[in-house]
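Its first residue numbered 1139, the sequence shown is counted upward by one per residue in the working numbering. Below you'll find the structure, written out as structure tokens, and then a few comments.
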Amino acid sequence: MIRAGLFQNNPAFGKIEANVEYVLDILSDVKFDLMVLPELFAAGYLFENREEALALADSPGTGYTFEAMRRLAHEKNALVVYGFPEKSGDRVYNSAMAIYPDGRFLVYQKTHLFNTEKNIFSPGESGFSVFDFRGIKVGMMICFDWRFPESARKLALLGAQVICHPSNLVLPHCPQAMVIRALENGVFTITADRAGDESRAGQSLHFIGHSRIIAPDGKILGELGEVEPAQLVVQIDPSQALNKSVTSLNDLFADRRPEFY
Ligand code: ACM
1139 MIRAGLFQNN
1149 PAFGKIEANV
1159 EYVLDILSDV
1169 KFDLMVLPEL
1179 FAAGYLFENR
1189 EEALALADSP
1199 GTGYTFEAMR
1209 RLAHEKNALV
1219 VYGFPEKSGD
1229 RVYNSAMAIY
1239 PDGRFLVYQK
1249 THLFNTEKNI
1259 FSPGESGFSV
1269 FDFRGIKVGM
1279 MICFDWRFPE
1289 SARKLALLGA
1299 QVICHPSNLV
1309 LPHCPQAMVI
1319 RALENGVFTI
1329 TADRAGDESR
1339 AGQSLHFIGH
1349 SRIIAPDGKI
1359 LGELGEVEPA
1369 QLVVQIDPSQ
1379 ALNKSVTSLN
1389 DLFADRRPEF
1399 Y
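Listed below in structure tokens is the structure:
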């Protein structure tokens, strides 16, 4: 069993230090083995242009947000996953970072960019991959990747037992869709969404909250409401995600017939 958690926040655009400190403060006396934070949780979402995103972006393994999350992973002896704008030359990716307690880290770059993100970010090139944390296979996808079932399917076929899903959701259907993503792949999913509103760059967005942790049988193990910034931690048994049996004669993966797809 591990303690798997998420954080739902409502960041102030560009106030990286204050947004990070807010999270650290609330998590200071919370125990967890895995914590997932939202997409772009410290920077904010609505960038005016690529230059503004670049100015708030970090190269992997550097920057205020990374240092704070590295310390958090170390102090809690936990895996910490969060979304951040990733600087790479003059490109900026909408990325997720996973940091181990010893400071090692992995980066996933968002594959499916949403709407005007296409004006800001370069499409991710990392592709989907899974990594090991204490014998558990973990994968990452970001927000709008949910709308492409191939994202979670690819991670599950690679062996993911837990899918970490940092998000900034604006369309209404994702919380329900993630029940299906968990069920159709027999995996745990952790969608850490943001709440609140952001008005910048000629746009006004409402983020829908409803962060949730879902079991391989589709059961919602914990969820937050639309507005509250809060953390949530539940006990999960990742070994449940190794069993892909549907009936005594059906197996979710062995019964696939990709020659017909
Ligand atoms: C989204 O992908 N942030 C909607």
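Positions of the beta carbon are idealized from the N, C-alpha and C atoms, including for glycine.
Identify every residue that forms a DSSP beta bridge with residue i.
i: R1229; result: S1226
i: T1329; result: H1303 and R1350
i: K1275; result: D1270
i: M1173; result: G1143 and V1218
i: I1237; result: V1218 and F1243
i: V1384; result: Answer is none; V1384 lacks a bridge partner.
For residue i, count neighbouring Cβ atoms within 10 angstroms of its own Cβ and tell me buried if that reaches 16, exposed if not.
i: A1096; result: A query on residue 1096 cannot be resolved here, the shown segment of the chain reaching from 1139 to 1399 and no further.
i: L1309; result: exposed
i: F1286; result: exposed
i: V1384; result: exposed
i: D1355; result: exposed
i: A1195; result: buried
i: Y1416; result: No answer is possible for residue 1416: it lies beyond the span of the chain, which begins at 1139 and ends at 1399.
i: L1380; result: exposed
i: M1139; result: exposed
So is the beta-carbon of residue i under 7 angstroms away from any non-hydrogen atom of ligand 1?
i: L1307; result: yes
i: C1302; result: no
i: F1282; result: yes
i: Y1177; result: Note on identity: in this sequence residue 1177 is Glu, with Tyr being the wrong assignment. True, at least one ligand heavy atom lies under 7 angstroms from that Cβ.
i: N1185; result: One point to set straight first is that residue 1185 is Phe, not Asn, in the sequence displayed. No, the Cβ of F1185 stays beyond 7 angstroms of every heavy atom of ligand 1.
i: F1252; result: yes
Cα separation between residue i and residue j?
i: V1230; j: F1151; result: 17 angstroms
i: H1250; j: K1382; result: 27 angstroms
i: T1203; j: D1171; result: 19 angstroms
i: K1225; j: L1175; result: 19 angstroms
i: S1233; j: G1182; result: 13 angstroms
i: P1223; j: L1387; result: 46 angstroms
i: A1368; j: S1166; result: 13 angstroms
i: R1188; j: G1227; result: 12 angstroms
i: Y1238; j: H1311; result: 32 angstroms
i: T1100; j: A1392; result: Outside the displayed range of the chain (1139 to 1399) lies residue 1100, so it cannot be described from this structure.
i: R1242; j: A1236; result: 8 angstroms
i: E1322; j: F1269; result: 21 angstroms
i: I1280; j: V1245; result: 11 angstroms
i: E1361; j: S1349; result: 6 angstroms
i: P1396; j: L1295; result: 12 angstroms
i: V1219; j: C1302; result: 7 angstroms
i: E1336; j: E1366; result: 15 angstroms
Using the three-state DSSP reduction, which class does residue i fall into: helix, strand or coil?
i: I1280; result: coil
i: V1218; result: strand
i: D1163; result: helix
i: H1212; result: helix
i: T1254; result: coil
i: L1309; result: coil
i: F1345; result: strand
i: R1285; result: helix
i: E1336; result: strand
i: V1168; result: coil
i: E1366; result: coil
i: L1359; result: strand
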